[in-house]
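For reference, the structure discussed in these notes is given below.
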Amino acid sequence: MRSGIYIIPFLLGILASGLLPAQSREWRGRVRNAAGEPLPYASLRLADGTLGTLTNAEGVFVLRLPADQGGTTLRVSSLGYASQLVELAAHPPGRGLVITLEARPVTLAPVTIYP
Numbered sequence: 001m002r003s004g005i006y007i008i009p010f011l012l013g014i015l016a017s018g019l020l021p022a023q024s025r026e027w028r029g030r031v032r033n034a035a036g037e038p039l040p041y042a043s044l045r046l047a048d049g050t051l052g053t054l055t056n057a058e059g060v061f062v063l064r065l066p067a068d069q070g071g072t073t074l075r076v077s078s079l080g081y082a083s084q085l086v087e088l089a090a091h092p093p094g095r096g097l098v099i100t101l102e103a104r105p106v107t108l109a110p111v112t113i114y115p
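Going by the numbering used here, the sequence shown opens with residue 1, and the numbers climb by one from there.
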């Protein structure tokens, strides 16, 4: 009977450990243009395309990656700006990351609509 006293807490511990969240890394920061203005809704994706996020209306982002995620190259892009690759390994998680995108003129081909 005494061994049952030890088995029940052991089993509860095993069950509870499955409910714990996985370890993750988190980067916070801003995306802005050369003038320092925020770029709303810029896209931030890992170069392999598996995970990503968008900036909010103030150009602020939060990117959470699993601890075992191998890809650490981030592609940052926004319409009208040149894409930029950022090596996350050079920027420790938890620090504010500021990414500046350079303007790239976008020219659209004319469209003719016939009735």
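Note that beta-carbon positions come from the ideal geometry of N, C-alpha and C, so glycine has one too.
- Around the beta-carbon of Gly59, 16 or more other beta-carbon atoms lie within 10 Å, marking it buried.
- Rounded to the nearest whole angstrom, the CA to CA distance from Thr73 to Ala35 is 25 Å.
- Note that the C-beta distance between Tyr41 and Leu51 is not below 8 Å.
- Around the beta carbon of Tyr114, fewer than 16 other beta carbons lie within 10 angstroms, which makes this residue exposed.
- For Ala47, no pairing in a beta bridge is given by DSSP.
- Between the alpha carbons of Arg75 and Val111 lies a distance of about 30 Å.
- Here the alpha carbons of Asp68 and Gly49 stand approximately 16 Å from one another.
- A distance below 8 Å separates the beta carbons of Leu65 and Arg25.
- For secondary structure counted as the beta strand (DSSP E) over 3 or more consecutive residues, the stretch 20-96 holds these complete runs in sequence order: 24-33, 43-46, 52-54, 60-66, 73-77 and 84-87.
- A residue is called buried when at least 16 other Cβ atoms come within 10 angstroms of its Cβ; Leu44 meets this threshold and is buried.
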